[in-house]
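Asker: After the structure tokens below, expect a handful of questions from me.
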């Protein structure tokens, strides 16, 4: 990665975490880096594309830090504890990204981004499952999803402490503490029926995928119907260009919310388009 590209990513993470995605302008990012807008556009076509790059880059770095231990000759428990400790430490160096990730208002309603985050969350749970399985063996196989949820639940409160007091936070010690608690949980869970079986989890994942696809389908359907009305109705001459720009922006890989908002305003007050505007505005969290 080039130095200027990294500067843009680091600045954007900091500003998105502080102000939120929608409230941060490209001008503020370039001002913070000391670059020109022209330099920004050499690396990113839009603020949305920049956000995707932040997520890809940050998740890839987290992944690399965790799996650096895979090729080391360590006992399963020692390896998993080292990976958990590394995860805490890596979060500390990506503080702005983690704040941004936990702030729902900081992110746009971008379907591609939602799918990316969903896929990465599944990867994290697979990491938990693999680590726990290597330590406790086949006996916990029916309980792996329950246990991965529990270890994540323990992880989050300590992560919050890390965010506020990184200097006095001993990641390795906390990782060992969490695993001692997991020992106790595994000792008692074998007498219980799992809450989230493989079958239930598969159904939950499928429902989540359908929900993501459904949101995308509703948006596509609204755009299609709106275009048909715009190009054949009484407002054809006035709205054809606006519809063309709106459709292109919505269906692009990195839709720009201000452009969509501007185009939707051209349709505001025309009753035939009210229902379509509502779907699109809700999808992108636009107030008209």
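Residue numbers (the numbering used here): 1493 to 1780.
Just so you know, even glycine gets a beta-carbon here, dropped at the ideal spot from N, CA and C.
Give the C-beta separation of residue 1500 and residue 1536 to the nearest angstrom, bearing in mind that I take them to be a contact with Cβ-Cβ under 8 angstroms.
Answerer: The pair is a contact, with the Cβ atoms about 7 angstroms apart (cut-off 8 angstroms).
Asker: Let me confirm a value: residue 1642 is counted as buried when at least 16 other C-beta atoms fall within 10 Å, else exposed. Which label applies?
Answerer: Looking at its Cβ environment, which holds 16 or more other Cβ atoms inside 10 Å, residue 1642 is buried.
Asker: Between residue 1618 and residue 1779, what straight-line distance do the alpha-carbon atoms span, to the nearest angstrom?
Answerer: One C-alpha to the other measures close to 39 angstroms.
Asker: Does residue 1531 come within less than 8 angstroms of chain B when only Cβ atoms are used?
Answerer: The chain inventory of the structure shown lacks chain B, comprising one protein chain alone.
Asker: Consult DSSP for residue 1735 and reduce its assignment to one of helix, strand or coil.
Answerer: In this structure, residue 1735 counts as helix in the three-state DSSP scheme.
Asker: For residue 1505, which of helix, strand or coil comes out of DSSP?
Answerer: Here residue 1505 sits in helix by DSSP.
Asker: Could you check the C-alpha separation between residue 1570 and residue 1652 for me, to the nearest Å?
Answerer: About 24 angstroms.
Asker: Answer with buried or exposed for residue 1588, where buried requires no fewer than 16 other C-beta atoms within 10 angstroms of its C-beta.
Answerer: Residue 1588 is buried by the Cβ-count criterion.
Asker: To which residues of the same chain is residue 1747 closer than 6 angstroms at the C-beta, ignoring the five residues directly before and after it?
Answerer: Answer for residue 1747: 1741, listed in chain order.
Asker: By how many angstroms is the C-alpha of residue 1621 removed from the C-alpha of residue 1554?
Answerer: Going from the Cα of residue 1554 to the Cα of residue 1621 covers about 17 angstroms.
Asker: Do residue 1572 and residue 1627 have their CB atoms nearer than 8 angstroms?
Answerer: Yes, Cβ-Cβ distance for residue 1572 and residue 1627 is below 8 angstroms.
Asker: Could you tell me the distance, in whole angstroms, from the CA atom of residue 1759 to the CA atom of residue 1731?
Answerer: So the alpha carbons of these two residues sit roughly 8 angstroms apart.
Asker: Three-state secondary structure (DSSP) at residue 1712?
Answerer: Correct three-state label for residue 1712: helix.
Asker: Does DSSP classify residue 1523 as helix, strand or coil?
Answerer: In the structure shown, residue 1523 sits in a helix (DSSP, three-state: H, G or I).
Asker: Whether or not the stretch 1712-1719 and the stretch 1754-1774 are in contact is what I'm after, with contact meaning three or more pairs of Cβ atoms, one per stretch, closer than 8 angstroms; do they touch?
Answerer: With the cut-off at 8 angstroms, the stretch 1754-1774 and the stretch 1712-1719 touch.
Asker: If residue 1776 sits next to residue 1749, beta carbons under 8 angstroms apart, how far is it from one beta carbon to the other, in whole angstroms?
Answerer: Contact holds; Cβ gap of about 5 angstroms.
Asker: Which value, in whole angstroms, describes the spacing of the CA atoms of residue 1510 and residue 1521?
Answerer: Answer to the nearest angstrom: the Cα atoms are 12 angstroms apart.
Asker: Pick helix, strand or coil for residue 1782, following the three-state DSSP scheme.
Answerer: Missing from the structure shown is residue 1782; the chain here goes from 1493 to 1780 and no further.
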